[in-house]
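Which chain is which? The protein sequence lines are A and B, in order.
Counting in the working numbering, the first sequence runs from 65 upward without gaps.
Counting in the working numbering, the second sequence runs from 10 upward without gaps.
Glycine is no exception: its CB is placed at the ideal position from the N, C-alpha and C atoms.
Here is the structure we will look at.
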Amino acid sequence: MPHALELQDITVTFRSKDDPGQRYTAVAGTTLRIAAGEFVSVVGPTGCGKSTLLNVGAGLLQASSGEVRVFGEPLVGLNRRAGYMFQTEALMPWRSAIDNVMLGLQYRGVADADAREQARAWLARVGLAGFEDRYPHQLSGGMRKRTALAQVLALDPDIILMDEPFSALDIQTRQLMENEVLELWAAKKKAVLFITHDLDEAIAMSDRVVVLSAGPATRPIGEFAIDLPRPRDVAEVRNQPRFVELHARIWGELREEVLKGYAQQLQKAA
Amino acid sequence: MTMWTTLRPNERNLRGWQVGVLVLVLAIWQLASRNEQTAFFIGEPIKVAGRIWSWFLPFGLPANALFPEGLEGRADIYIHLGVTLLETVLAFGIGTLLGLAFGLWLALAPTASAILDPYVKAANSMPRVILAPIFGLWFGLGIWSKVALAVTLVFFIVFFNVYQGVREVSPVVLANARMLGANQRQLLRTVYLPSATSWVFSSLHTSVGLAFVGAVVGEYLGSARGVGYLILQAEGTFDVNTVFAGIVVLTAFALVLDGLVGRIEKRLMKWQPKAGETEKL
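So this is what it looks like as structure tokens:
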């Protein structure tokens, strides 16, 4: 069976618009495979090109070299089988929660009444029943994230790409949402590529954790299978000895890269 | 001392003070106009009021202390107001549609935008009131020459706002819509257009105001109907009271228009957060 998403030897080099001689290689020679139904997290220091990788997988960004395959087929244009949950606000402020959730269905030509019914069900599933007619500015940060999640899931994508989706939330809301995502994932078993800089989150949720090096020219430097039993509770799983052990091992790899990344940021600022 | 504490301007008697200022100005004006030579230039508030009465009310007043000659009740301003309003509404509608269409087009077609850029800038910096004689020549003295003049004023306001609005669409919202499967037409309908219209609404006060200005100025420069025409006529006969009456009517009218726009805006922009609104859950 082909992988749900396969990034093969991906290199992404950006050219400065003002000065074409200036080049920046964000990602170099990265290979990443996600099986159908697998939950893979990618961790790395801030600014290391994690989002770049995700955008390549989504088809929003063209890699300079390398190949992307989706269920065995080479990717041309946007990845139609993937749903993307963005790090920052992606809801349309002029549409109410339910209108936002039904957006993707409308794009696909689903009849309005039908789309509205499905959207209502999805909002209920993410715990937002009764908030259908609220505009995004009338919802809290956590509720907006739930709406965004419902928006992505309503299209029933085979691959879900998540770019630090909960980084802006407070820790309690975050753990609640992590558990909810795990529950929804367990029910439908989609392939998930989850980007985060939070190692705890990565281990608690994933089947596999991939560690990226500091930029520029980011590439994977370690890969760890997470053999913690499921179903998991993200808050409780942290107390298991196996979790602590895995955390120590992965952090051993990641630590150096984080320090390197930090040193580079200091240099850039100086 | 106690009288001063109650009379001192504060939030409660603010309205009283505002009216007081008006009364004071009118009183000084009235006093100054007792000199006939001065009155020729600045008019008389009471006669201005009498003029407005005759314009709006269908019944007259017999001769009395204030109006020694009595007042006629002609109620003949409505046709002129109606014409000015019609011109304003037409100019606003046409100008907004054109601005929206051109703004969307140029914002989404970078090549066309780059080519036309200097001309857009030139057209915008041109004092467009000088187009009035040309429009008079093209469209005659009827309403369309005024509509055309006002359209040129409204168009650029809307055009620049739409252009800006489309340019500033959040790239994340755009990427999200694309990932959700929007094609070009759906992007236009669900992302660019709503974003652009929100900018149009935010400039609604300005563009309605300018439509009104364009209509009145157009009438003033040559017409057979409209409030601007009334002022033009009065000026021709050195009837300064009527000129002032026209100014008062136009001001009141503009205030009403602005209030209406405010209400429409409130209804259409309910998705936008207002400063100080803390209704979060």
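Report yes or no: is there a C-beta of chain A within less than 8 Å of the C-beta of residue i?
i         : result
Glu288(B) : Its pLDDT being 45, under 50, Glu288(B) is placed unreliably in this model, and the value from its coordinates should be taken loosely. So, interface residue.
Trp208(B) : no
Pro203(B) : yes
Leu140(B) : no
Arg276(B) : no
Gln173(B) : no
Thr199(B) : yes
Pro119(B) : no
Gly112(B) : no
Gly195(B) : The sequence shown places Gln at residue 195(B), rather than the Gly named in the question. Yes, its Cβ sits closer than 8 Å to a Cβ of chain A.
Pro282(B) : yes
Arg137(B) : no
Asn73(B)  : no
Asn185(B) : yes
Leu189(B) : yes
Val181(B) : yes
Throw me the rounded Cβ distance for the residue i and residue j pair, which I believe falls under 8 Å.
i         : j         : result
Ile267(A) : Ile290(A) : 6 Å
Val76(A)  : Ala127(A) : 5 Å
Ser277(A) : Val104(A) : Not confirmed; about 17 Å, so no contact.
Gly223(B) : Leu162(B) : 4 Å
Secondary structure at residue i, three-state DSSP: helix, strand or coil?
i         : result
Thr237(A) : helix
Glu131(A) : strand
Gln331(A) : helix
Leu96(A)  : strand
Lys289(B) : With a pLDDT of 41 at Lys289(B), under the threshold of 50, the predicted position of this residue should be treated as unreliable, though the coordinate-derived value follows. Correct three-state label for Lys289(B): coil.
Arg145(A) : coil
Thr152(A) : coil
Ala122(A) : helix
Tyr128(B) : helix
Ala123(B) : helix
Thr47(B)  : helix
Thr282(A) : strand
Leu75(B)  : coil
Val298(A) : coil
Leu80(B)  : strand
Report yes or no: is there a C-beta of chain B within less than 8 Å of the C-beta of residue i?
i         : result
Glu153(A) : yes
Tyr88(A)  : no
Arg296(A) : no
Phe150(A) : yes
Ala122(A) : yes
His201(A) : yes
Gly206(A) : no
Arg172(A) : yes
Trp186(A) : no
Met354(A) : There is no way to answer for residue 354(A), as the model of chain A reaches only from 65 to 334.
Leu192(A) : no
Gly111(A) : no
Leu248(A) : no
Gly147(A) : yes
Gly286(A) : no
Leu142(A) : yes
Gly325(A) : no
Leu233(A) : no
Leu219(A) : yes
At which residues does the alpha helix (DSSP H) containing residue i begin and terminate?
i         : result
Thr1(B)   : Nothing about residue 1(B) can be read from this structure; chain B reaches only from 10 to 290.
Ala183(A) : Asp176 to Arg189
Tyr229(B) : Leu213 to Tyr229
Gln27(B)  : Leu23 to Ala41
Met105(B) : Going by the sequence as given, residue 105(B) is Thr instead of Met. Segment Tyr87 to Leu117, the alpha helix (DSSP H) holding Thr105(B).
Gly206(A) : Gly205 to Leu217
Lys56(B)  : Pro54 to Phe65
Met188(B) : Pro180 to Met188
Ala141(B) : Ala141 to Phe148
Lys155(B) : Ile152 to Arg176
Gly85(A)  : Neither: Gly85(A) is in no alpha helix (DSSP H) and is coded neither H nor E.
Val236(B) : Val236 to Gly245
Asn164(A) : Ala161 to Val165
Pro195(B) : Checking the sequence shown, residue 195(B) turns out to be Gln, not Pro. Taken as a continuous stretch (DSSP letters only), the alpha helix (DSSP H) holding Gln195(B) covers Gln193 to Leu196.
Per DSSP, which residues does residue i bridge with? Please list them.
i         : result
Phe288(A) : Val273(A)
Asp227(A) : Ile259(A)
Pro138(A) : Arg133(A)
Thr15(B)  : For Thr15(B), which the question treats as bridged, DSSP gives no partner whatsoever.
Val245(A) : According to DSSP, Val245(A) bridges with nothing at all.
Leu70(B)  : Leu80(B)
In the DSSP assignment, the beta strand (DSSP E) including residue i goes from what residue to what residue?
i         : result
Val104(A) : Phe103 to Val107
Phe78(A)  : Leu69 to Arg79
I want to check one thing, is the minimum distance from the CB of residue i to the heavy atoms of the ligand GDP below 7 Å?
i        : result
Ala68(A) : Ligands in the displayed structure: none, and consequently the ligand GDP is not present.
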